[in-house]
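Please read the structure below before turning to the comments.
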Amino acid sequence: MSYPREYESSLQRRDAFWLQQAKKLHWFKEPQQAVSLKPNGCADWFADGELNVSFMALDYHVDNGRGDQLALIYDSPVSGAKASYTFRELRDQVALFAGLLKKQHVKKGDRVVIYMPMIPQAAIAMLACARLGAVHSVVFGGFAPHELAVRIDDATPKVIVTASCGIEVNRVIPYKPMVDKAIEEANHKPAQVIVWQRPECQAELLPERDIDWQQGLQGVSPAECTVVAATDPLYVLYTSGTTGKPKGVVRDTGGYAVALHYSMNLVYGLKPGQVMFTASDVGWVVGHSYIVYGPLLAGVTTVLYEGKPVRTPDAGAFWRVCAEYGVNVLFSAPTAFRAVKKEDPEGLLFAGYDLSKLQRIYMAGERLDPATYEWTTAITGKPVYDHWWQTESGWPICANPVGAAEHPIKPGSATLPLPGYDVQILDYKGQPVGPNEQGAVAIKLPLPPGCLTTIWNNEERFVSGYLSEFEGYYSTGDGGYKDDDGYVFIMGRTDDVINVAGHRLSTGEMEEILAQDNAVAECAVIGVHDELKGQVPVGLVITKDGVQVSAEELTARLVQLVRDEIGAVACLKRILVVPRLPKTRSGKILRRVLRQLADGEPVQVPSTIDDPSCIDELREQLAG
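FYI, the numbering for the sequence shown is 1 to 624, going by the UniProt record's numbering.
Rendered as structure tokens:
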């Protein structure tokens, strides 16, 4: 089916379309109805269906001749460790660990918090929870104890699964003391903590509460799969909230499985037996969807990588992994490729590897600026695709549907809405606007399968945060526009639109222009308070390694560039050359923190920040 027909079918014949996709998976009880509408305008998906995602992702492939195919490849340049698991080996490890959880009385509906580094045991723990029908909540390994405690109190887990340590470039981070401190602070006390001991750092265990993972498996029987309803929750994943209190996004089981399986070919063009390398972390939605569940559901080999895009050991790290394992699709955040670009601007390291099997490169997590797109395309000679989605959506909202029909790439655009997503651009009154007119990006209800169903223990926050801004729509919080061909351009969060003397200007557009300069490796533009104009833009740039240019010369060049492209109305006159920008661990630039620093407001440093030490450096520069 062509993309236009498929897209229209998904909206006009919703039930038939999604039931057809559901038939491609193995259900214990196949659903007869796709959509059950709820009073809030959202939907329960496949409510009469019964399944087990762990069975679909592992046992099904073993039972159907893929038992000896590689399911998961582990590569850890920070520890030097490598391992691989066939579908049969991974199924057996998951079933055994599920047996250990079952021995601790974990059952359907119970919560398990997973606080792990990027090691195979993280994926095994997730799949083991799914096997039992337990709800997992993965917390990024290394999060501060207070932030872990907040999540423990919200999710009230029966068990915490952790490792003795995480490993970063040139340092080992003990995890167990942070878990102990979090449990001490939390009001809710988990019954057990299961610890995977790593050779780089052995954790001290409390005999009355803690269990050594390896020793605990002795004498344990493998657990069978628990039958769950399609509407039962699979996991809770916390994302930053504007109030400072994280939101627990709830993902259902059946809708998520169907959406991910559908997306593996439609978005990524992958078939069973091929290899996907998603350079993210299981603590993020990208890791849930496209390191663990999506590839395994589709019979695709997944690469789990414990390293960085640079300095483990160099900017050729991604290319080495792709060459070594015959990767067909590479997926990471634009910030990762900008880091590679900064350290290897000529792409000399890329040339040293055989990348003949690499078919496509994908980026998401933040807007893919045209400069990064063009550099990656030029260096690799591979198609590079931007696609746009959120923790809340669980799978891409807009992408190039290569599995149906590849569309021409337009730099700066995430291409087209995917089937199931009725994406609209609305004005502040909630009315659709015309082509090329910017507005709020919203999705007409109901959302397709795979999207969040609520906020854990807080339906009111779900409705107020996502469904109340525009009646009948899910509000994405992003601004953008559609062009004459229906391509969607995401210009950044709606709070990144600044108002300069009555002119609404996109900071994303200004960033695009700054990034065109050959000296600029990375940049951010923020709006700061101005007595006369309300707000004025300030640019922060990181220069490429080895570039010789004075701050004065670069400022003059960039100011003129913006003036030429946007006009004097942009009013960008201040450029700061900085050594680094505050980012989340997933690579998103924390523009709100930058705005607070610039305006002299109290800085709300989110728990997701990668390196808080850069705050003080920037405070001095922005204050000056």
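Ideal Cβ placement from N, Cα and C applies to all residues, glycine included.
Judged by DSSP in its simplified three-state form, asparagine 265 adopts helix. A residue is called buried when at least 16 other Cβ atoms come within 10 angstroms of its Cβ; tyrosine 290 meets this threshold and is buried. For glycine 166, the enclosing beta strand (DSSP E) covers residues 165 to 168. Around the CB of glutamate 509, 16 or more other CB atoms lie within 10 Å, so the residue is classed as buried. Alanine 98: member of the alpha helix (DSSP H) spanning 87 to 103, first to last residue. Remark: C-beta atoms of leucine 127 and leucine 58 approach each other more closely than 8 Å.
For glutamate 522, there is no enclosing alpha helix (DSSP H); the enclosing beta strand (DSSP E) has its first and last residue at 520 to 530. Each of Pro417, Val193 and Lys29 was checked against the Cα of alanine 229, and the nearest Cα belongs to Lys29. In this chain, the alpha helix (DSSP H) harbouring lysine 176 covers 176 to 185.
Contact annotation: glutamine 535 and isoleucine 498 have beta-carbon atoms nearer than 8 Å. Within a 10 Å sphere around the beta-carbon of valine 569 sit fewer than 16 other beta-carbons, which makes this residue exposed. Three or more Cβ pairs closer than 8 Å define a contact, and the region 347 to 357 falls short of that threshold against the region 249 to 262.
Counting of Cβ neighbours within 10 angstroms places tyrosine 487 among the buried residues, the total reaching 16 or more. Its Cα nearest to that of histidine 136, the residue Ile160 stands out among Ala442, Ile160 and Pro117.
If you look at alanine 71, you'll find it in the beta strand (DSSP E) that goes 70 to 76. Rounded to the nearest whole angstrom, the C-alpha separation of histidine 105 and alanine 134 is 11 Å.
The way I'd put it, the region 260 to 274 doesn't touch the region 302 to 318; fewer than three beta-carbon pairs between them come closer than 8 Å.
Sequence-distant Cβ neighbours of valine 433 in its own chain, meaning closer than 6 Å and more than five residues away, are Ile425, Asp427 and Gly439. Note on alanine 191: under 16 other CB atoms within 10 angstroms of its CB, so exposed under the neighbour-count rule. In the three-state reduction of the DSSP assignment, arginine 66 falls in the coil class. Counting the other Cβ atoms within 10 Å of the Cβ of proline 579 gives fewer than 16, which makes it exposed. Annotation for valine 384: the continuous beta strand (DSSP E) segment containing it runs 384 to 386. Collapsing the DSSP output to three states places methionine 363 in a strand.
When the five nearest sequence neighbours on each side are left out, the beta carbons in the same chain lying within less than 7 Å of the beta carbon of phenylalanine 462 are those of Thr454 and Ile455, in order along the chain. Unbroken beta strand (DSSP E) runs of no fewer than 3 residues, entirely contained in the region 548 to 616, are found at 574 to 577, following chain order.
Under the DSSP definition of a beta bridge, tryptophan 213 lacks any partner. With contacts defined as CB atoms closer than 8 Å, glutamate 511 and glycine 412 fail to qualify as a contacting pair. The Cβ neighbour count for alanine 163, taken over all protein chains shown within 10 Å, is at least 16; the residue is labelled buried. In the three-state reduction of the DSSP assignment, cysteine 225 falls in the coil class, being assigned neither a helical nor a strand state. Tyrosine 238: member of the beta strand (DSSP E) spanning 233 to 239, first to last residue.
The C-alpha of tyrosine 238 lies about 9 Å from the C-alpha of valine 285.
Note on the region 385 to 419: there is no whole beta strand (DSSP E) run with a minimum of 3 residues.
The three-state secondary structure of glutamine 202, taken from DSSP, is coil. Cβ-Cβ separation between alanine 315 and glutamate 346: approximately 11 Å, too far for a contact (criterion under 8 Å). By the neighbour-count definition (other C-beta atoms within 10 Å, threshold 16), glutamate 208 is an exposed residue. Setting aside the 5 residues that flank it on each side, alanine 182 is surrounded in the same chain by Pro145, Leu148, Ala149 and Ile152, each with a C-beta closer than 7 Å to its C-beta; the list follows chain order.
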